[in-house]
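Just below is one structure, and these are the notes that go with it.
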Amino acid sequence: MSGEREGGRDVELERNVASRTLELELRNAFLRSIASAQSDTVVYTAAAKAIGELISADAVVIAYYDGLSTPYAAVYCGGGTRIEPLGAEDTARLERAASERRDDALAARDCARYSAVFRLESHDEVCGYLAVGRDAAPLGESERAFLKKTFSNFAHQARMRKQYSRDEHIRREAEQALRKSEERLRTFFAESKDMIYTANADDVIASINGAGLKLLGIDDRFEAIGRPFADHVMSPEDRQNFLRRIGNQGFVIDYEYVLRRRDGKTVFCIESAHAVKDAAGAIVEIQGIVKDISERIASERELWKANLELAEANENLKQTRLIAVQQEKLASIGQLAAGIAHEINNPLGFLNSNHSIMTAFLDKLRAAWEEASALCPDELSRIADSHDLGFVLEELGNVVAESDEGFRRIIDIVQNLRSFSRIETSPVMSLYNVNEGIKSTLVVARNEVKYVADIELDLGDLPTISALGGEINQVFLNVIVNAAHAIASQKRKEKGKILISSRLDKESAIVVVDDDGPGIPDENKLKIFDPFFTTKAPGKGTGLGLAISYDIVVRKHQGALSVSDSPQGGARFRVQLPIQSAASEG
Amino acid sequence: MPKPLSDLIAGRSGSFGELSVRAGISESPPGLCLTLSGSLDNDNSREFRALAQSALECVGNGEALILDLAGLGYVSSAGVGALTTLLADAKRRETYLFLGRMQERVKAVFELLGFADFFSYI
Numbered sequence: 001m002s003g004e005r006e007g008g009r010d011v012e013l014e015r016n017v018a019s020r021t022l023e024l025e026l027r028n029a030f031l032r033s034i035a036s037a038q039s040d041t042v043v044y045t046a047a048a049k050a051i052g053e054l055i056s057a058d059a060v061v062i063a064y065y066d067g068l069s070t071p072y073a074a075v076y077c078g079g080g081t082r083i084e085p086l087g088a089e090d091t092a093r094l095e096r097a098a099s100e101r102r103d104d105a106l107a108a109r110d111c112a113r114y115s116a117v118f119r120l121e122s123h124d125e126v127c128g129y130l131a132v133g134r135d136a137a138p139l140g141e142s143e144r145a146f147l148k149k150t151f152s153n154f155a156h157q158a159r160m161r162k163q164y165s166r167d168e169h170i171r172r173e174a175e176q177a178l179r180k181s182e183e184r185l186r187t188f189f190a191e192s193k194d195m196i197y198t199a200n201a202d203d204v205i206a207s208i209n210g211a212g213l214k215l216l217g218i219d220d221r222f223e224a225i226g227r228p229f230a231d232h233v234m235s236p237e238d239r240q241n242f243l244r245r246i247g248n249q250g251f252v253i254d255y256e257y258v259l260r261r262r263d264g265k266t267v268f269c270i271e272s273a274h275a276v277k278d279a280a281g282a283i284v285e286i287q288g289i290v291k292d293i294s295e296r297i298a299s300e301r302e303l304w305k306a307n308l309e310l311a312e313a314n315e316n317l318k319q320t321r322l323i324a325v326q327q328e329k330l331a332s333i334g335q336l337a338a339g340i341a342h343e344i345n346n347p348l349g350f351l352n353s354n355h356s357i358m359t360a361f362l363d364k365l366r367a368a369w370e371e372a373s374a375l376c377p378d379e380l381s382r383i384a385d386s387h388d389l390g391f392v393l394e395e396l397g398n399v400v401a402e403s404d405e406g407f408r409r410i411i412d413i414v415q416n417l418r419s420f421s422r423i424e425t426s427p428v429m430s431l432y433n434v435n436e437g438i439k440s441t442l443v444v445a446r447n448e449v450k451y452v453a454d455i456e457l458d459l460g461d462l463p464t465i466s467a468l469g470g471e472i473n474q475v476f477l478n479v480i481v482n483a484a485h486a487i488a489s490q491k492r493k494e495k496g497k498i499l500i501s502s503r504l505d506k507e508s509a510i511v512v513v514d515d516d517g518p519g520i521p522d523e524n525k526l527k528i529f530d531p532f533f534t535t536k537a538p539g540k541g542t543g544l545g546l547a548i549s550y551d552i553v554v555r556k557h558q559g560a561l562s563v564s565d566s567p568q569g570g571a572r573f574r575v576q577l578p579i580q581s582a583a584s585e586g
Numbered sequence: 587m588p589k590p591l592s593d594l595i596a597g598r599s600g601s602f603g604e605l606s607v608r609a610g611i612s613e614s615p616p617g618l619c620l621t622l623s624g625s626l627d628n629d630n631s632r633e634f635r636a637l638a639q640s641a642l643e644c645v646g647n648g649e650a651l652i653l654d655l656a657g658l659g660y661v662s663s664a665g666v667g668a669l670t671t672l673l674a675d676a677k678r679r680e681t682y683l684f685l686g687r688m689q690e691r692v693k694a695v696f697e698l699l700g701f702a703d704f705f706s707y708i
């Protein structure tokens, strides 16, 4: 084509100029389109139109791939442009036509008589196809060479365009995903029912959501932001412990602590958090989720409490059962004792009465005998000698005295039986000074104690209590005399020690009597409050003293009487008396 | 024939995460003493309870299980739950359980949960 001239014009030169101009225009258009983020549609339809007009083509099709590698066709036909999707069959036909290089192999979109198809290749990548169709005449070699040359450069632009489209597509998708992700996170942060917060390395709150503010009882976000998280924790040491853990492990799971709300109320919470660290491993941020577990704690608390109360109820039941058994024994024996006391009391009454009369009569007889002896001394002396009346009269006094003692002991026993079986009229509760009661009892017990033991008193301040004072004194007397008898039973040279102490314990007065006697064997501790149980020699004790004492303290005063080993080495009796005692005679 | 306490405390010490437990004999009151240090929480309350339970079974009549809590700096509700369960077990066995030298902030959790009055302290 070199040197071809038409009417004085250098046709080849003009064509080269046009080709170069088109090439540059296309390149500029592509670059502009990328710079101004124009779409594939705009760029390729403009290119198709420019080519069509340059070579007077009836149809131009530029097949290209978008960012998702989906093939499209930018069509210039009949002076207008449009975009059509291409199927796999279309691209296959274009590929075949480009390979076979047959002018009639493919009429551009079947709207022209002659056509030529070029493959747009760059870096061994097929970037698309250019199909040109013309009705007037087939493309000459020079036109073909022109198009090929022009579009070998165009292929580079198309490839760049494809990459750009792909990058754009990826960017748009990433932006969209990011927007969605941010929206999700924003919603998650804002709508979460749990506190979500971030804090800096010094544990100063940097951000906090609405649930967090609600949990802290704060309305204004900025009253929380900028302040140490520990300000809201009941025990700041718990927060220090949390920070130590997160510093060591980088995370904390289900760490429990108590938050103190602004209104002073406390809330049980658990927190899971992790630390964001820099390249050097230093914490730059703490991100945590805090959950209010008050309801869970409340239900667990009820469970634990029920378990404890059940165990205590079992314990109380055992104690109550022991007391019930003891009281049942007392009641049975009480009925028996009441019957015996009643039966004995009447004959004892007239025996004692007759004994008194007989004693008086004997005194009268003795006086009469002495008067008669003064009148007839010889005769009566003879009679007295013959009947050994001197000895009789002397022994009669001893017999009467022994009978007196016998009657006194029988009366005491019956009295105890009557007391034990509550035959007597119920006394009335009145104010009673426990310490004074102990002191007055010691006066009564003095003769029993003074030769065998020294008494030490350690009496604390006690309020007056509501009690049956005389009966409580009887309890103290029983316990103290028992201690003295126990010490005396050891027949030791030195005197023993009885320590009596009193103190206030919540709603009760406690009196403890310790001795340094032989103590009580374990097997006897269970029986010591049983009626008629005694380890004393026959005649020394009725076995009713502690049983009566138990009845007085436990049943009548709702108190407690127990025995254990004393630190003094002997026995310890502990009397517990409620300060406000309800009299019970059931 | 019950084993003496000195034979039984072997193997009743241990470390469970943030909690360490050391067993020893208590002279007054007589019994077994578990010295706790660290944290008693959800991560180790189960192991602690198993250990304390076995210690409880070693304590004889008239003896006590004492928990020395001077070194216990943190207790969660799960820890309080473990101790209340242990107390219930002790009551059922009619064994004394005493808590000793409890830190104020630990006691505050007991009080907040309403269990402080259930325990006996030495």
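First to last, the sequence lines map onto chains A and B. Here the first sequence is numbered in my numbering, starting from 1 and rising by one per residue. Here the second sequence is numbered in my numbering, starting from 587 and rising by one per residue. C-beta: ideal position from N, C-alpha, C; glycine also. Nothing here was measured: the structure is a model prediction, and the numbers come from that model.
Burial state of residue i, where buried means 16 or more other Cβ atoms lie within 10 Å
i	result
residue 575 of chain A	buried
residue 644 of chain B	buried
residue 63 of chain A	buried
residue 531 of chain A	buried
residue 265 of chain A	exposed
residue 358 of chain A	exposed
residue 375 of chain A	exposed
residue 513 of chain A	buried
residue 183 of chain A	exposed
residue 179 of chain A	exposed
residue 205 of chain A	buried
residue 372 of chain A	exposed
residue 551 of chain A	buried
residue 209 of chain A	buried
residue 597 of chain A	In the structure as shown, chain A begins at 1 and stops at 586. Residue 597 of chain A is therefore absent and cannot be evaluated.
C-beta atoms of residue i and residue j nearer than 8 Å
i	j	result
residue 661 of chain B	residue 626 of chain B	yes
residue 228 of chain A	residue 263 of chain A	no
residue 49 of chain A	residue 21 of chain A	no
residue 73 of chain A	residue 133 of chain A	no
residue 522 of chain A	residue 570 of chain A	no
residue 497 of chain A	residue 454 of chain A	yes
residue 130 of chain A	residue 151 of chain A	yes
residue 642 of chain B	residue 653 of chain B	no
residue 300 of chain A	residue 667 of chain B	yes
residue 480 of chain A	residue 445 of chain A	yes
residue 251 of chain A	residue 230 of chain A	no
residue 362 of chain A	residue 389 of chain A	no
residue 67 of chain A	residue 223 of chain A	no
residue 271 of chain A	residue 200 of chain A	no
Near the ligand GTP: residue i beta-carbon under 7 Å from a heavy atom
i	result
residue 463 of chain A	As for the ligand GTP, it is missing from this structure, which has no ligand bound.
DSSP beta-bridge partners of residue i
i	result
residue 398 of chain A	Answer is none; residue 398 of chain A lacks a bridge partner.
residue 458 of chain A	A/501
residue 578 of chain A	A/508
residue 53 of chain A	Per DSSP, none; premise fails for residue 53 of chain A.
residue 571 of chain A	A/565
residue 685 of chain B	B/653, B/707
residue 121 of chain A	A/126
residue 77 of chain A	A/59, A/80
residue 134 of chain A	A/114
residue 388 of chain A	BP columns for residue 388 of chain A are empty, so no partner.
residue 710 of chain B	Since the first and last residues shown for chain B are 587 and 708, residue 710 of chain B lies out of range.
Self-check item: Chain-ordered residues of the segment 654-677 of chain B with a beta carbon less than 7 Å from chain A
Solution: 659, 660, 662, 663, 667, 670, 671, 673, 674, 677
Quiz item: Got a sec: which bits of the segment 685-699 of chain B sit with their beta carbon under 8 Å from any beta carbon on chain A, in order along the chain?
Solution: 691, 694, 695, 698, 699
Quiz prompt | Interface residues of the segment 623-648 of chain B facing chain A [CB-CB below 8 Å] | solution = 625, 627, 628
Quiz item: In the segment 288-302 of chain A, which residues sit with their C-beta less than 9 Å from some C-beta in chain D, listed in chain order?
Solution: In the displayed structure, chain D is absent; the protein chains listed are A and B.
Quiz item: Going along the segment 250-275 of chain A in order, which residues come within less than 7 Å of chain B, judged by CB to CB distance?
Solution: 254, 256, 258, 266, 268
Quiz item: Closer than 7 Å, Cβ to any Cβ of chain B: which residues of the segment 200-230 of chain A, in chain order?
Solution: none
Quiz item: Whole alpha helix (DSSP H) runs in the segment 626-654 of chain B with 4 or more residues, listed along the chain?
Solution: 631-644
Quiz item: Going along the chain, which residues of the segment 598-613 of chain B sit with their C-beta nearer than 9 Å to a C-beta in chain A?
Solution: 604
Quiz item: Enumerated in chain order, which unbroken segments of the alpha helix (DSSP H) with a length of 4 residues or greater are wholly contained in the segment 155-232 of chain A?
Solution: 210-216
Quiz item: Enumerated in chain order, which unbroken segments of the beta strand (DSSP E) with a length of 3 residues or greater are wholly contained in the segment 244-320 of chain A?
Solution: 251-260, 266-277, 283-292
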